[in-house]
Amino acid sequence: MIFAQIVPCCQRSKLCAGDGLQVHHQETFSLQLFLLHRLKAFEESGPYKAVWGRASNQDGVVSDQPPTSRVVDQREQMVMSGGYIRRVTNDAREDEMEQNLAHVGSIMGNLKSMALDISNELESQGGLISRINEKANVNVSRIEAANQKANNLMKR
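Below is the structure:
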């Protein structure tokens with residue numbers, strides 16, 4: 403990765419052993435100015451803005467959870483309105499069966515809620531992953547262009 407920064411030659415001249423190196427530092431200084439200008443031009447380009455946008459807080463802190471919708475199907479409505487089993491003898495065994503089935507129904511409801519939450523989370527994570535992939539593709543093209551320009555400048 404190439405970082406563009408402006409460093410005056412006077413700060414680097416302490417490392418110089420002769421006039422030939424001072425000329426090299428002046429060329430480096432102009433190269434750094436050129437790279438800084440190109441960096442700003444790239445950040446104003448269409449692909450960069452399409453992926454990164456303008457100073458938005460899309461990647462900000464999540465302050466609340468998305469709303470969950472509880473869909474009550476016909477089986478749950480039946481369970482809410484009456485028991486799980488039809489009473490015949492109305493004894494303790496039927497009471498115990500009813501309690502056990504109510505417990506199983508509660509566990510199933512919890513599992514269903516967890517599955518819905520996982521589904522929602524996977525959908526949101528999929529969107530984030532696609533945004534990360536787009537940003538990575540823009541960065542790869544940016545790095546390739548910078549490397550090509552650096553190689554061309556080194557050939558001169």
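So our numbering is basically just the index in the sequence shown, starting at one, shifted up by 402.
Cβ atoms here follow ideal geometry from the backbone N, Cα and C, with glycine treated the same way.
For residue i, three-class secondary structure by DSSP
i	result
Gly528	helix
Asp497	helix
Val490	coil
Ser515	helix
Arg558	coil
Glu445	helix
Gly507	helix
Ala538	helix
9 Å Cβ cutoff, residue i in contact with chain C
i	result
Val540	Absent from the structure: chain C. Only one protein chain is present.
Cut-off 7 Å between Cβ atoms - residues of its own chain near residue i, not counting five sequence neighbours on either side
i	result
Glu546	none
Val453	Glu536, Lys537, Val540
Span separating the alpha-carbon of residue i from that of residue j
i	j	result
Ser521	Gly507	21 Å
Ile531	Arg558	41 Å
Pro449	Val540	7 Å
Asp493	Asn502	15 Å
Val542	Leu513	42 Å
His505	Ser526	32 Å
Arg544	Arg533	17 Å
Leu555	Ala517	56 Å
Ile487	Leu524	37 Å
Glu445	Asn549	17 Å
Thr491	Ser515	35 Å
Any non-hydrogen atom of the ligand ZN closer than 8 Å to residue i Cβ
i	result
Ile520	Among the ligands in the structure shown, none appear at all, so the ligand ZN cannot be discussed.
Reference residue i, options the options, closest by Cα
i	options	result
Glu500	Lys514, Asn512, Thr491, Gly485	Gly485
Close Cβ partners of residue i (< 6 Å) along its chain, the five nearest in sequence each way excluded
i	result
Lys451	none
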